[in-house]
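Protein chains in written order, with UniProt numbering: chain A, 1 to 514; chain B, 1 to 514.
What follows is a short report on a single structure.
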C-alpha cells in the first residue's frame, strides 16, 4: 500500500485496528462456542437462582473502562468469574419460573447470521430480503395458527390490508395497536382535544401488567383504564357480560370505549378470555380488540389447542411471542393486524433521507411504519430457520412434550393429599399450593406456601415463582425450558415434597441426591 | 430410561426431538460460521443495493411452512439462493448510505453468548448479572463520554437517582423520556384531563422523524408538536432564540412547554444543536431536555469531539446508539437520565407474579421499569465485550480513522470544481452535490443530482443516499461501514466522478475496474 493521491499516509499504517478481522472472528466465535458448549453441559448443576447480593458485580469488575485491549481468554475468564455466578439460569432444565424463554440451535445460528448481516430494514429498499422474509414467515406462522386470511399479507388487496410485523415484545405490539385504536377513536369522536380524555381501554384483573403500562404510554388517562374483575367460577377469564356492563356504563357517562385486550393464556394462571364473545361485545361499541396470546399462541400450532383462538376472526389484531415457547430466543414477538393502514397512519414517517422509489410506488411495506422505532434487527431469520430446521411436526411434538410433562407433574401434585391444584391446567403451567391444614386461615396458608417457595428456590436445585389468584398465594410450575426432560420434572417434585416435609415438620428420611 | 412411576412411557421415546442437541449446535454454528466467513470475503464484490423487485421472495420460497425438517445444508443453500440476492449489504465496505451500522467480532461473539444464556432480566432477581452488567457498562460509557456524574448509577444516592438503561432504538429512548416529561408536566398543570391537550414538545426541522412519531405515540396532540425552522447560516442547528420565541408564544397562549429534543449530529447533515443554551431556554419554561446523539455520540469517546456534548450537564437525559458507530451491531441504544424516578413513575409495574424480596427492598433497579416492554435481551454483554476486547484506545482510533477517511473524501470533492460540499463536515458524513451549471435553476440541479445518485447506486459498486437541506437535493456520503478502508473511499470517488462524466456528457476514457 503506497502513499495516496494527496500525499496522506494510508490509514491502516497509522493504527492497524481491524474490528472485523476474519481470523479474530473465527477464533473468538470458536472460543465462545467452547464456552457455550461447556455452559450447557454444566448448567444443570448450577444453582438456578444465584445467591449474589445486590451490587455484587461492582466488587468483581473495574469501575472504569480499560484503555487497552484485553485478550479474549481473559474476557471469558471474567465471564466465568463474574457473570455466571450472578446469572439466573433460564437455560437450566431445572428452571420452572415465570414462562420459559426457549431457544434452539437453529435460533442461535439464525441470530448469529442476523448479527453478521446486520441490515437495518426500516424501509423495503434498505433491505428487501429482510422485509420480505418477515412478511413470508409471518404468513407461515399465520398458516400454522390457522389465522383467518384477513391477517395474511399474501391475501392483502386494495380492500383488505392485513399483515404482520415482528416486534421485540408483546408490550410493543400492544402499544402500537393501542395507538392505532386511539387515533381511530379520536377521529370518530371529535378529534384530539375533544376526546383524548374520554377514551377508555379494557382488560381484566388478570391481563398482563404491561397492558396497563402500554395504555399509560399511549396517553390514555390512567383513570380510564379498566381492570374488569374475574372470578374463580369462570376460571379467571374475562366475562363478556361484565365487559359489556363496564363498556355500557362508560358509554352512558359520555366516555369512548376504544380498546379491549383479550388474553389467551394469562401470566398468572393461563386463563383464556373468550375471544369471540368479547369481540362481539367490543363491536357493539366500535372498540378495537387485541388478542394477547404471548405464551399460549405457541401451543396453537397444535390443532388440539387451536380452539383457544376461536373467534380471532372477529379481532382487530393478535400477537404471540415465539421467544417464549417456540424456540426462537429473545426477542421475537409476532403481531398481525387486520388493517395495517390503521397502524401506518399514526406510526408512519416519510423523512426526505429515507424517500425512495419503491416506497413512493406504494408497492412495498416499510416495516418502520408498523413499529415504535426506525431501526430493527433481521429477526425473521431465526424464526425462518427454526421453522425450516425442525418442521411443523417437531414444533408440535415440542409443545406436546412440554404439556405432557406438565400433565404428569399435575398428576404427582394430585397424588399428594397435602397439595391441591388451584386452577385447571390448560397448557404447561401448573398452579398449585399446600392446602390449608385444619383450622388454618388463608393468610397462614399463604405464609406457608411463601415459605415453601423460598425453601425450594434457596436449594438452587429448581426455580419456581408464584402468583396470587382468587386471593390465594399459589406456586406456579411452568414446564418448558428447552433442556427440561421428564427426569428434571420428577426431581423437582421430589424436591418440593422434601421441602414440604421439612416445612411441615415431618421426620425426614435421607433423600437421594437429585 | 425405564417406565416412570405412574406407568407413563418416557417422553423422549415418544418423539426424540431435541432442539438444543449439543452436537447439532456445534455443527450448525460451525456451518453458519463458514457461511459468514465466506460472506465477508465476498461481500465487497456484491452489488451493495440489490436489484430485486418487490415480491421477489415469494417466487423463491414456498408459501406455507414445511411439515418436516430440512437439512441445514439446504437452508444455507436457500440463504445463498433467495436471501443474499435481496440483501442490502450494510456490511459491504462500499456501503456509504444512511449512517453505518457497525459491528465487530467481539460484538458477534457477545451477542451469541446473550442468545445462548437467553436470560430475561425484567427484574434484578430474574438475572442479577444482566442487570448489574448493564448498569456497569453504562457507567463505563458515561465515563468515556465524560458525562457528568449525575447520570451515573454509581453516583446515585437518596438525593440523586441518575442511571442508564439499554433500549433497542433511539425511538424507545425518546418515547420513554417523553412519557416521563409528559407526566411531570401534567402533575404541575392540573392533571391529565386538564392539561393533556396543552402539552407541547419541540424539535427543529432537522430533528429525526422518529421524534415526531414518538410524540404522537406518547399522546401529545399532533397540533402541539413544534418543528422550529433552521437556517443554513446557523448550519441547520436549532437556534436558542427561535426556540425561546416558540416556547414563549405557546406559554402565552396557555399551553405547557414540556419537552425539547436537542440533536447532536442530525441525520441529514450532522448538524449540532447547542445543548447548553437550549437547556437554558428550556429551563425558563420547566421543560425536559433530551439530547439525541444517536450517531455522533460515538465520536464523543474522542476528546476532540466531546465539545459537541458541552452543556449536557444541564439536560435531563441523553442517548446514543453504539449500534450505529461503536461496533456493537443491532440493536443497542444507551439512555441516561438524571432522575430515574421520573421514568419508573409512569413506566413502573408491580404485578404479583414478579414480586420478589430484592425489588421490595428498594436496593435494586428493575430495568423493565425504565423501558417500554417487560422482556429484554442481555444486550450489555456485547457492549461490555466490545469495550474489553478493543479498549478505549482502539475505539478512539476507529472513530478517528473514519473521520479521517471522510476528511480525505471531502478533499477529493473539493478538488473537483463540478462539485461542492454543501455543509461543513463535522464527523464522517460528507454532504455534497453537483453544482448548478451556468443558468441552471435549483430544480434542475436537484434533478441532476438525483439522476447522479441513481446512476451511482444502479452500478452496485457503492450505495449512497440523499437528503434535502436548505431546499437543496444533496448526496450524503457516510463513511464508517466496518470493513471500509481508504481504497473503498477512493474507488467510490472514482465511481462518482465517472458517473458525473457520463451524466454531464463528458467523453469517457476507459476507467479501470474498481
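No residue lacks a Cβ here, since even glycine has one placed at the ideal position from N, Cα and C.
Small disclaimer: the values here were computed from a predicted structure and weren't measured.
Nonlocal neighbours in the same chain, by C-beta distance under 7 Å from residue 516 of chain B, ignoring five residues either side: Nothing in the structure corresponds to residue 516 of chain B, since chain B is present only between 1 and 514.
Buried versus exposed, by CB contacts within 10 Å (16 or more), residue 521 of chain A: With chain A running from 1 to 514 in the structure shown, residue 521 of chain A is simply not present.
Check whether the Cβ of residue 40 of chain A lies closer than 8 Å to any Cβ atom in chain B. yes
Identify, in the order they occur along the chain, each residue of the same chain with its Cβ nearer than 6 Å to the Cβ of residue 300 of chain A, setting aside the five sequence neighbours on each side. 145, 306, 309
Which residues in chain B have a C-beta closer than 7 Å to the C-beta of residue 267 of chain A? List them in chain order. 353
Please confirm whether residue 237 of chain B has its beta-carbon closer than 8 Å to some beta-carbon of chain A. Proximity of residue 237 of chain B to chain A, defined by a Cβ-Cβ separation below 8 Å, is not satisfied.
What residue from B:222, B:349, B:174 has the CA that sits closest to residue 289 of chain B's CA? B:174
In chain B, which residues lie with their C-beta within 9 Å of the C-beta of residue 270 of chain A? Within 9 Å Cβ-Cβ: nothing; residue 270 of chain A doesn't reach chain B, min ~12 Å.
Round the Cβ separation of residue 392 of chain B and residue 66 of chain A to the nearest angstrom and send it over; I've been treating them as touching at under 8 Å. 7 Å
Leaving aside the five residues before and after residue 492 of chain B along the sequence, list all residues of the same chain whose C-beta is less than 7 Å from its C-beta, in chain order. 94, 96, 462
According to DSSP, is residue 432 of chain B helix, strand or coil? strand
Same chain, Cβ closer than 7 Å to residue 383 of chain A, five either side skipped, listed in chain order: 137, 322, 328, 332
Taking the DSSP output, what are the residues bridged to residue 476 of chain A? A:431, A:465
What is the DSSP secondary structure of residue 452 of chain B, reduced to helix, strand or coil? helix
Residue from A:388, A:503, A:434 with nearest C-alpha to residue 475 of chain A: A:434
Listed by chain order, chain A residues near residue 464 of chain B by CB distance under 9 Å: By Cβ distance, chain A contributes nothing, its closest Cβ being about 12 Å from residue 464 of chain B, past 9 Å.
Below 7 Å CB to CB, which residues in the same chain sit around residue 52 of chain A once its five sequence neighbours on both sides are set aside? The beta carbon of residue 52 of chain A sits closer than 7 Å to the beta carbons of 85, 86 from its chain, once the five residues preceding and following it are set aside; these are given in chain order.
In angstroms, rounded to a whole number, what distance separates the CA positions of residue 524 of chain B and residue 177 of chain B? The displayed coordinates of chain B run from 1 to 514. Any statement about residue 524 of chain B would go beyond what the structure contains.
Range of the contiguous alpha helix (DSSP H) that encloses residue 297 of chain B: Where residue 297 of chain B is concerned, there is no enclosing alpha helix (DSSP H), given that its DSSP letter is neither H nor E.
Residue 28 of chain B touches chain A at which residues, Cβ-Cβ below 7 Å? 105, 106, 109
Express the C-alpha separation of residue 349 of chain B and residue 126 of chain B in angstroms, rounding to a whole number. Straight-line Cα distance between these residues: approximately 15 Å.
So with CB distances below 8 Å, who are the chain A contacts of residue 156 of chain B? Neighbours of residue 156 of chain B on chain A: none; closest Cβ ~11 Å, over 8 Å.
Beta-carbon gap between residue 251 of chain A and residue 285 of chain A smaller than 8 Å: yes
Under 9 Å Cβ-Cβ, which residues of chain B neighbour residue 56 of chain A? 128, 129, 132
Between residue 495 of chain A and the rest of its own chain, which residues show a CB-CB distance below 8 Å, the 5 nearest in sequence each way excluded? Close CB contacts of residue 495 of chain A within its chain, under the 8 Å cut and outside five residues either way in sequence, are with 456, 459, 461, 462, 514 (chain order).
In this structure, does DSSP put residue 201 of chain A in helix, strand or coil? strand
Looking at the C-beta of residue 385 of chain B, does it have a partner C-beta in chain A at a distance below 8 Å? yes
Between residue 17 of chain A and residue 480 of chain B, what straight-line distance do the alpha-carbon atoms span, to the nearest angstrom? 13 Å
Would you report the Cα separation of residue 373 of chain B and residue 180 of chain B, rounded to the nearest angstrom? 15 Å
Per DSSP, which one or two residues make a beta bridge with residue 261 of chain A? A:290
Report the three-state DSSP secondary structure of residue 542 of chain A (helix, strand or coil). Only positions 1 to 514 of chain A appear in this structure, which leaves residue 542 of chain A out of reach.
Simplified DSSP assignment, three categories, for residue 361 of chain B: helix
With respect to the beta strand (DSSP E) encompassing residue 419 of chain B, which residues constitute its N-terminal and C-terminal limits? 419-421
Does the Cβ-Cβ distance between residue 104 of chain B and residue 386 of chain B come in under 8 Å? Yes, the Cβ-Cβ distance between residue 104 of chain B and residue 386 of chain B is below 8 Å.
Return the chain-ordered list of same chain residues with a C-beta closer than 7 Å to the C-beta of residue 113 of chain B, the five sequence neighbours on each side being excluded. 381
For residue 335 of chain B, which residues does DSSP report across the bridge? DSSP lists B:165, B:319 as partners of residue 335 of chain B.
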